[in-house]
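In my numbering, the protein residues as written are 218 to 376. For each residue, glycine too, the CB sits at the ideal point set by N, CA and C. Here the structure is laid out as structure tokens; the discussion comes afterwards.
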């Protein structure tokens with residue numbers, strides 16, 4: 218049985234336990250290494266815990282046996298193999314609590330379930346605004362609000 222002696226005496230015990238196995242805020246699934254690296258770097262600079270994958274198969278492998286990220290940022294066109302739309306469909310069926318933010322240089326897809334869309338190229342402010350709308354902006358001490366710029370109206374939102 219787990220030791221729960223710190224439950225009421227140490228207010229930071231839960232935080233320490235949760236950070237021992239951090240959950241990713243965002244998993245970036247992007248086949249273009251330059252776009253993936255730049256996106257992950259920007260999100261980390263903004264305070265997000267980020268996981269990354271170069272393909273749908275790699276994303277599913279990385280998700281196996283770990284806590285769900287809050288949001289999967291999935292490029293619709295992932296090159297050869299399973300595309301982003303198929304990955305989004307599978308995630309929606311198997312991990313319904315995960316929010317899905319699709320991205321593409323084209324138009325948002327019709328007829329599939331996803332939570333948001335941000336078109337490429339996107340600015341940091343626009344991406345952070347999209348993540349904020351999905352409820353994933355990382356909290357920072359002293360201010361529970363949104364610290365980024367940009368406008369939610371710049372993003373297509375599907376709730």
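What are the residues that DSSP puts in a beta bridge with residue i?
{"i": "residue 336", "result": "321"}
{"i": "residue 316", "result": "288"}
{"i": "residue 267", "result": "243"}
Taking 7 Å as the cut-off, is the CB of residue i close to at least one heavy atom of the ligand GTP?
{"i": "residue 327", "result": "This structure lacks the ligand GTP; in fact it carries no ligand of any kind."}
Check whether the Cβ atoms of residue i and residue j sit closer than 8 Å, and answer yes or no.
{"i": "residue 242", "j": "residue 288", "result": "yes"}
{"i": "residue 276", "j": "residue 248", "result": "no"}
{"i": "residue 320", "j": "residue 337", "result": "yes"}
What number of angstroms, rounded off, separates the C-alpha of residue i from the C-alpha of residue j?
{"i": "residue 339", "j": "residue 282", "result": "31 Å"}
{"i": "residue 323", "j": "residue 284", "result": "31 Å"}
{"i": "residue 351", "j": "residue 245", "result": "15 Å"}
{"i": "residue 291", "j": "residue 309", "result": "12 Å"}
{"i": "residue 347", "j": "residue 296", "result": "24 Å"}
{"i": "residue 252", "j": "residue 342", "result": "16 Å"}
{"i": "residue 255", "j": "residue 335", "result": "16 Å"}
{"i": "residue 345", "j": "residue 260", "result": "8 Å"}
Tell me whether residue i sits in a helix, a strand or coil according to DSSP, three-state version.
{"i": "residue 302", "result": "helix"}
{"i": "residue 291", "result": "strand"}
{"i": "residue 243", "result": "strand"}
{"i": "residue 254", "result": "helix"}
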